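Below is one structure, written out as structure tokens; comments come after it.
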Amino acid sequence: MTTRKPWDHGNRTREDRHYGRQHQKLRAQLLATEPLCRMCKAAGRITAATIADHIVPLAKGGAPNDITNLQPVCRDCHQDKSNADKGHRVKRRIAEDGWPE
Ligand SMILES: [Zn+2]
């Protein structure tokens, strides 16, 4: 079952909306200078990043609008990281373009 919110569409992530305009600007800046997912790169994979992830989570006192607190990650890595942060078991990916449910 998927509950799709009316505003949840397009390629905009919930994060963009949550963190606002300043974050989107920093995200664009970050992805322009470092277009590849940093976590994939560390694992030897080349993947385009689409998300500016907070290295130090805001909940732990990380700076929300500081580019040095942002790292470019792809959606899968971001998902994995969010799941790990919440203490969930990290699900393995289904396919290259498959969406984990
Ligand atoms: Zn990645």
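Here this note's numbering is used: the first residue of the sequence shown is 470, the next is one more, and so on. Even glycine gets a Cβ: it sits at the ideal position worked out from N, Cα and C. If you're wondering where the values come from, they're calculated on a predicted model, not measured in any experiment.
Can you have a look at Ala521 and say buried or exposed, based on whether 16 or more other CB atoms are within 10 angstroms of its CB? buried
In the structure shown, what three-state DSSP assignment does Asp522 receive? strand
Leu495, enclosing alpha helix (DSSP H) - first and last residue: Arg490 to Thr502
Am I right that Pro541 and His492 are in contact with their C-beta atoms under 8 Å? What's the rounded C-beta distance? With a Cβ gap of about 13 Å, Pro541 and His492 do not count as contacting.
My assumption, with CB atoms under 8 Å, is that Pro504 sits in contact with Ala517. Please give the rounded CB distance. 6 Å
Other residues of its chain near Gln498: CB distance less than 8 Å, five sequence neighbours each side excluded: Ile536
With DSSP as the reference, label Ala512 as helix, strand or coil. coil
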